[in-house]
Each structure stands twice: as structure tokens, then as C-alpha cells.
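Here's the structure, in C-alpha cells; my notes come after.
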Amino acid sequence: MENVFALALGYALGSIPFGLILTRLSGAGDLRSIGSGNIGATNVLRTGRKGIAAATLLLDLLKALVAVLLVRAYWPGHEALAALGAILGHCFPVWLRFKGGKGVASMMGASLALAWPIGAAYAVTWLGLLAITRISSLAGMTAAVVAPLAAWWLGHSDYAAVLAFIAVLVLVLHRANIQRLLAGTEPRIGSKA
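Under our numbering, think of the first position of the sequence shown as 410, with each following residue one higher.
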């Protein structure tokens, strides 16, 4: 039952659509009708409201981090399931007919909570590549792949398998971005549409 509780708690917290909530509260409208229609921070940035985009990123990160830490406190040993639940909740929230985000910020939060060195590797990769390329999808996907490799290299084999599954999910959800990257048409942060 602890497995179920850990997964369910992760899903419940992960499924909170902060991007959608914040854009509606700010008067920016329904985020799903803007840009890519995604509920994540990159699409919130397309509203022109940088503060709300930053808040969305932070809250999407924190919801996964909090899920893992709560499970560590109440059902230790089941943290990886909480991380998985949080990402599944973010990407497939029941409240939005299972159409959510792509899991990049939430995966960083989960990685930080599982083991801070994994989260540090994720953050350095994500933010470093974002600064160099200004291509959000490329930075996020690369960081997602780095996380399970870092977990394995650091001896957290129990986390590596779940993070590898999450990384594959992140890549699948970015398949349109991958096509645009290959075609050279993927937009950069700050570029004009």
C-alpha cells in the first residue's frame, strides 16, 4: 500500500497546473490557447509575463520536490515512486483531460529531492545549455538524459531506473521539438515568432 500512497501523493501534487492557474489569475487568459498550448513555464513566457513564467517554473519544480520529501518523511524508501507520480501528474493531469506539461522543471525538482548531486547535474546541464543555445527544449531534454546517468554514476541505481523512464517520457513528449531541432526551425528564447 505504501507504493500506492507514494505514487498517488506524487500524482496529486504533480497534477496542480500552476502555469494555467497563474496565467488566469494574472488576466493572461487560458494558457492552452497561447503558443504551443503547453502549461509549462516556456509557454507562459510567450504571454510576455516573465515574472509569471519564473513563478510557474519554480512552482512546477517545487511540487515534485515536495512530493518526494513528503514521501521520504512518511514512507521512506518509496521516494522514486513519488518522483514518478509527480512527473506523471504534471504531464497527464486528470483535471485537464490528461494534457499537461512536458516535465522538465518538475523533473529537476524530483532530481534535487532524490539526491542533491543528481539535481545539481541536472541544473548545471539545463541552465548551462539554455544560456549557450537559448533553446529551451534542447536544454531540458539534455538535462533529462543527464539525470539518470548522474544517478547511476553516483551509485543511486535505485533512482537511475525511474529517472531513465522519466527521461524517455520527456523525450517522447518533446517529439515535435525534436523534429524542429532536426529541421533547424526550433525557436530560441527571446526570438520573435
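All residues carry an ideal CB built from backbone N, CA and C; glycine is no exception.
Practice task
Starting from the N-terminal side, write out each stretch of the beta strand (DSSP E) that is 3 residues or longer and does not extend beyond the region 526-595.
Solution key: none
Practice task
Assign methionine 410 to one of three DSSP states: helix, strand, or coil.
Solution key: Indexing the sequence shown from 1 puts residue 410 at position 1. It is coil, neither helix nor strand.
Handout entry: Cβ neighbours of leucine 582 in the same chain (closer than 7 angstroms, five flanking residues each side left out)
Key = Indexing the sequence shown from 1 puts residue 582 at position 173. For leucine 582, where only same-chain residues beyond five positions count, the Cβ hits under 7 angstroms are Cys500, Lys511 and Gly512.
Exercise for the section: Check whether the Cβ of arginine 433 lies closer than 6 angstroms to any heavy atom of the ligand NAD, and answer yes or no. Expected result: No copy of the ligand NAD appears in this structure; indeed no ligand is present at all.
Problem - Limits of the unbroken alpha helix (DSSP H) element including aspartate 469 - result: In the sequence shown, counting from the first residue as 1, residue 469 sits at position 60. Run containing aspartate 469: 459-483, per the alpha helix (DSSP H) assignment.
Practice task
Taking only the alpha-carbon atoms, compute the straight-line gap between proline 485 and glycine 494 and give it to the nearest angstrom.
Solution key: The residue labelled residue 485 in the question sits at position 76 within the sequence shown. The residue labelled residue 494 in the question sits at position 85 within the sequence shown. The straight-line gap from Cα to Cα measures roughly 15 angstroms.
Exercise for the section: Please check the pair leucine 418 and alanine 464, which I expect to be a contact at CB under 8 angstroms, by giving their CB distance rounded to whole angstroms. Expected result: In the sequence shown, counting from the first residue as 1, residue 418 sits at position 9. In the sequence shown, counting from the first residue as 1, residue 464 sits at position 55. 23 angstroms between Cβ atoms; not a contact.
Handout entry: Alpha-carbon spacing of leucine 468 relative to proline 596, whole angstroms
Key = The residue you call residue 468 lines up with position 59 of the sequence shown. The residue you call residue 596 lines up with position 187 of the sequence shown. In a straight line, the C-alpha of leucine 468 is about 24 angstroms away from that of proline 596.
Problem - Own chain residues within Cβ distance below 7 angstroms of leucine 521, not counting five before or after - result: In the sequence shown, the residue the question calls residue 521 occupies position 112. Closer than 7 angstroms at Cβ, skipping near neighbours: Leu474 and Gly528.
Handout entry: Inter-residue Cα distance where the pair is leucine 539 and histidine 565
Key = Counted from its first residue, the sequence shown places residue 539 at position 130. Counted from its first residue, the sequence shown places residue 565 at position 156. Going from the Cα of leucine 539 to the Cα of histidine 565 covers about 26 angstroms.
Problem - Exposure of methionine 550, with buried meaning 16 or more beta-carbon neighbours within 10 Å - result: For the purposes of this step, residue 550 is taken as the residue at position 141 of the sequence shown. Methionine 550 comes out buried.
Handout entry: leucine 429 vs leucine 440 beta-carbon contact at 7 angstroms
Key = The residue labelled residue 429 in the question sits at position 20 within the sequence shown. The residue labelled residue 440 in the question sits at position 31 within the sequence shown. Against a cut-off of 7 angstroms, the Cβ pair of leucine 440 and leucine 429 comes out as a contact.
Exercise for the section: Alpha carbon to alpha carbon, how far is alanine 489 from alanine 530? Give it in angstroms, no decimals. Expected result: Position 121 of the sequence shown holds residue 530. Position 80 of the sequence shown holds residue 489. So the alpha carbons of these two residues sit roughly 18 angstroms apart.
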